[in-house]
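Under this note's numbering, think of the first position of the sequence shown as -11, with each following residue one higher. The structure appears right after this line, and notes come after that.
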Amino acid sequence: SYCTAVPNSTGISAAIGTTGTPSLSSGSLGLTASALPQNSLGYFLFSADQGFVPTFGGSAGNLCLGGQLYRLSNFVLSSGGAGQVALPLPFGGLPPGLTADIGIEWNFQYWFRDQNGGVPTSNTTDGITVVFTP
């Protein structure tokens, strides 16, 4: 993982992680986000580039991605009572024209709704880099 997440309304910083393996033949890669506010909606973002933009677009969080951003916004998730989400990487639901190939490096981050002093805003996890293997 890389980049610094800002504490959210729970008082701690949300974290991104993975499950499975980045092997394209296994197709088992999953993304996770934890330490989220309960019942918060959000989705995963990704990019080929890392970046750092503090409080981007009025968010309380840091954008850890750079260059062309892609959103997995067809897969909006709720953190539920546990304050966590999981998503098997939807290789069949990637943005048009985008494919995962061996050796390609993608950087992921989770963007979610939050509150700052009772005012609605958004926040993010830290970032994580995945390199796809055969």
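Beta carbons are placed, not taken as given, at the ideal position from N, Cα and C, and that holds for glycine.
Whose CA, out of the options, lies closest to the CA of residue i?
{"i": "Gln103", "options": "Phe79, Thr(-2), Leu75 and Pro10", "result": "Thr(-2)"}
{"i": "Ser61", "options": "Leu75, Phe40, Gly80 and Tyr31", "result": "Tyr31"}
{"i": "Ala2", "options": "Pro122, Ser110 and Leu17", "result": "Ser110"}
{"i": "Val73", "options": "Gly81, Gly80, Phe63 and Pro122", "result": "Phe63"}
{"i": "Gly126", "options": "Pro122, Thr87, Gly68 and Ser35", "result": "The requested residue 126 is not part of the displayed model; the chain covers only -11 to 122."}
{"i": "Asn50", "options": "Arg59, Tyr58 and Gly39", "result": "Gly39"}
{"i": "Pro84", "options": "Tyr58, Pro76 and Leu33", "result": "Tyr58"}
{"i": "Leu53", "options": "Val41, Ile0 and Leu19", "result": "Val41"}
{"i": "Thr87", "options": "Thr7, Phe120 and Gly106", "result": "Phe120"}
Just to confirm the assignment, what range does the beta strand (DSSP E) spanning residue i have?
{"i": "Asn104", "result": "Glu93 to Asn104"}
{"i": "Leu19", "result": "Gly18 to Ser22"}
{"i": "Cys52", "result": "Asn50 to Gly54"}
{"i": "Leu33", "result": "Leu29 to Ser35"}
{"i": "Pro76", "result": "Val73 to Pro76"}
{"i": "Ala3", "result": "Ala3 to Thr7"}
{"i": "Ser110", "result": "Val107 to Thr112"}
Might you give, ordered along the chain, the residues of its own chain that have their beta carbon closer than 6 Å to the beta carbon of residue i, omitting 5 neighbours on each side?
{"i": "Val118", "result": "Pro10 and Trp94"}
Within the same chain, show all residues whose beta-carbon is closer than 8 Å to that of residue i, passing over the 5 residues directly before and after it, in chain order.
{"i": "Gly71", "result": "Thr(-2), Ser22, Ala23, Leu24, Pro25, Gln26 and Ser28"}
{"i": "Ala48", "result": "Val(-6), Asn(-4), Asp102, Asn104, Thr109, Ser110 and Asn111"}
Quick one: what's got a C-beta closer than 7 Å to residue i's C-beta in the same chain, skipping five residues either side?
{"i": "Ser(-11)", "result": "Ile4, Asp114, Gly115 and Ile116"}
Item to check | Validate contact between the segment 23 to 32 and the segment 83 to 102 using beta carbons, cut 8 Å, 3 pairs | outcome: Judged by pairs of C-beta atoms under 8 Å, the segment 23 to 32 touches the segment 83 to 102, as three or more such pairs exist.
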